[in-house]
Structures are given as structure tokens and as C-alpha cells.
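Numbering-wise, the sequence shown is residues 1016 to 1283 according to this note's numbering. Positions of the beta carbon are idealized from the N, C-alpha and C atoms, including for glycine. Below is one structure, written out as C-alpha cells; the observations come after it.
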Amino acid sequence: MKLFFWSAATLMLLVNFVLAEAVTPAPIMDGLEVMKKKNEAYLANDQINTVTLRLFTKEGDEKKIVTKRYWKNFAGKEGMATKTLFFTDWPPDAKGTGFLIWNYSTAGKTDDLWLYLPSLRQTRHVSSRGQDDAFMGSDLTFGDMGQRRLEEDDHKLLREEACGDETCYVVESVSKEKEGVYSKKVHWITQKDFRTMKTEYYDRKGDLLKTQTIEWQEISKHKAWKLSTVINVQTGHKTIFEISDLKINPGLSNDIFTERTLKTGIRQ
């Protein structure tokens, strides 16, 4: 009889142990770890897509801009993170206007940005200060179009909370720079697959400047933006970015991401 009770007690301990293992949550990550996972999650080799920008004033007036985007991931080779080309297709008076962005992975190295104006047939290099300007009049800056280096901010996990049907890490990224547009950003990043669902941008005074929400799509087992809405809460201006005609890993040549291509365009 004693053997029976000893075995039952042992069995109960074993069951409790298994149940405890089953409900134990995944280890809590710190803010930097979450941001690293986010940056690594959906980097394909390259992409081609159409970006339609719909710009709305506070009064509701709308302007549409259509661009073709070519993007390539250099994965840190020779200090390069990514390169991006934009060519404007609409409106007609801006057709052919081009932007080339070299986004570096090397710490402390300022990204390079070139602008091509077909009416002047001139390419000019944009200063680092100019990269804080609005991208094509939208509510994102040229700097926002690249991937910010993790070491440029201090990252802190604030909490975990529901975001729609998902559970998100909420990470605060405080800028180490004394200058620049933002004092900090707050990101909502899904625990399941590290998609950014929402970002809040704060100005240098620490006041909320704008919010960005993102809807995602899946192409060839890769996740990418489908639609992003950015609202400047201080001015009431809004931009909707619609992504279409997405091609993932089309095999873009490194050689197209040059000033020469800005002038000649890309022959399809």
C-alpha cells in the first residue's frame, strides 16, 4: 500500500512538472533583441514594386504620386546595408524624377542620397541635413525610407500588449543624437513573427509628432508591406503608401544602383 501511495505522489509531481513546462512562456527578450529580430525577419535579397502615395491635407485635398521602387539587400557587404532606387511615373510633370539611396551598415557613416531632376538633366547629392526633409512631400522623411542602425538608439522593452489579433512587444528607441527630427520612436512588434504593426514618432521636444500603421502581405513565402498610413498629429496631414506589383528576389544587378542609372533609367 505504501508503494502505491508513493507511486501516485510521484506521478502527480511528474504531471505537475509537465504542465508547468507546457504553460511556461518564452523567455522575455530585451528591447535590443526584439529590434534585431525585427530587422532580420523579412529581408529578401531584392525587390521591385510600385509605390502609390496618396497625400491628404488637413482639409481633405488629395494629391497622388506613383513611383517605381528597386531595392537590394547588401547584408553588410563592404559596409553596405541596402540600396534603393525610386523613379516617378506620376504626375506627368514629375515623370522621370529619381532618387538613389545608399544605406550603410557601418556605424557613424551617413547615408548617401542623390536626386535627379529630368527638367534640369542634373543629379545632385543631398546633404545629411537634407535627408530630414519630407520624401516627395509625404509624412515620411528620406531618412525614414532607409533602415536605421540599431546602435544609433537606446532600445527598451516597455511592455507586452494586444495589438489587434496579435500580441506585441512595445519597444522604445531613444535617439543618441542631439540633432535630428526625432527624440524617440515607439514600436509595436508582433511576438509571433516580428512584424512592425505601428510606430509612434516623437519630436525633439518629446511630443508625439506622427503615427504610422502597417498592413502586410505575403508573396512567395515572404512578408512585405501592403499598405502604410502615416498621420502627422500636429498638422493633420496624412499619407497612405500603397504597395503593388511586388516582385521578390527578381535578381537585380548591383550595377543599377548608380548615378548613371538615375539619368538613363532602367530598361525593362
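- When rounded, the separation of the alpha-carbon atoms in K1213 and Q1227 is 5 Å.
- The residue among N1264, S1243, I1281, Q1249 with its C-alpha nearest the C-alpha of V1066 is S1243.
- For T1244, the beta-bridge partners assigned by DSSP are T1228, I1255.
- For the 8 Å CB-CB criterion, V1186 and I1204 form a contact.
- Three or more beta-carbon pairs drawn from the segment 1238–1256 and the segment 1057–1075 are found closer than 8 Å, and the two stretches are therefore classed as touching.
- With distances taken between CA atoms, G1091 lies nearest to W1117 out of W1117, K1083, E1074, K1073.
- Residue range 1046–1056 is occupied by the alpha helix (DSSP H) that includes G1046.
- For T1125, the three-state secondary structure derived from DSSP is coil.
- Residue F1209 holds the alpha-carbon nearest to the alpha-carbon of K1052 among F1209, D1222, F1157, M1160.
- For N1269, no pairing in a beta bridge is given by DSSP.
- In the same chain as W1086, and ignoring 5 residues on each side of it, the C-beta atoms closer than 7 Å to its own belong to D1061, Q1062, T1097, T1099, in chain order.
- For T1103, the uninterrupted beta strand (DSSP E) run begins and ends at 1095–1105, by DSSP.
- Assignment of G1161 by DSSP, reduced to helix, strand and coil, places it in the coil class.
- A buried status is given to N1088, since no fewer than 16 other beta-carbon atoms sit within 10 Å of its beta-carbon.
- DSSP places L1261 within a strand segment (E or B) once states are collapsed to three.
- If the five residues before and after I1234 are omitted, its C-beta is found closer than 6 Å to the C-beta atoms of L1261, I1263, all from its own chain and listed in chain order.
- Your pair I1080 and P1106 checks out as a contact, with CB atoms roughly 7 Å apart and the cut at 8 Å.
- Restricting attention to D1148, K1200, Q1137, the CA atom closest to the CA of R1163 is found in K1200.
- Here Q1146 carries a helix assignment [DSSP, helix/strand/coil].
- Here D1169 carries a strand assignment [DSSP, helix/strand/coil].
- Comparing C-alpha distances from K1236 to each of A1059, N1054, M1050 shows the shortest one belongs to A1059.
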